[in-house]
Amino acid sequence: MLKHGQFCWQELATDDLEGAKKFYSEMFGWNIKAGGGADAPMEYSEFQLGDDYPMGGMYQKPPEMPAPPHWISYVSVDDVDASAAKAAELGGSVVVPPTDIPNVGRFAVIKDPSGAAFSIVKLMEHGEA
């Protein structure tokens with residue numbers, strides 16, 4: 004089980020999805036597992052170490068996203084809404100408000116007071132809907 008405050012996922016937003024798949028699989032030996040499904044809002048792929056250890060993901064950065072290609076880290080929290088509110092109280096800003104990810108959990112994107120971005124996430128327990 005993930006603990007509050009534990010880094011738990013890394014995610015790449017890229018302008019070249021196919022190029023990133025090739026680069027990271029050849030660079031580190033990561034397997035790429037397609038995800039999302041036909042009804043997903045975007046193509047999403049997971050990075051896996053071996054066949055059964057998912058450790059991150061990537062997606063094609065939409066044109067409206069102003070940031071250049073980048074990695075973002077996810078930190079596990081007990082309550083996304085409360086943690087986002089606390090970040091704002093401490094001088095950070097909420098870039099993406101608490102949002103549900105179907106079949107995954109709930110997340111938000113935060114910037115610390117210096118402007119460094121990270122995400123917070125509460126993953127669903129197995130069996131939750």
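Using our numbering, the letters of the sequence shown correspond one by one to residues 4 to 132. Backbone N, C-alpha and C define an ideal beta-carbon position, used for all residues, glycine too.
- For M58, the secondary structure class from DSSP, reduced to helix, strand or coil, is strand.
- Secondary structure of A91 (DSSP, three-state): helix.
- Annotated as distal: K89 and A16, with beta-carbon spacing of 8 Å or more.
- When the Cα atoms are used, I123 and F26 turn out to be separated by approximately 27 Å.
- Only buried fits M61, as 16 or more other CB atoms lie within 10 angstroms of its CB.
- At least 8 Å separates the beta-carbon of P100 from that of A85.
- Taking the CA atoms as reference points, K24 sits about 7 Å from I35.
- Short of 8 Å from the beta carbon of P57, and not among the five residues preceding or following it, lie these beta carbons of its own chain, in chain order: K36, E49, F50, Q51.
- Separation of S79 and K125 (C-alpha to C-alpha, rounded to the nearest whole angstrom) is 6 Å.
- In the DSSP assignment, L20 falls within the unbroken alpha helix (DSSP H) covering 20 to 31.
- G59 places its beta carbon 8 Å or farther from that of Y47.
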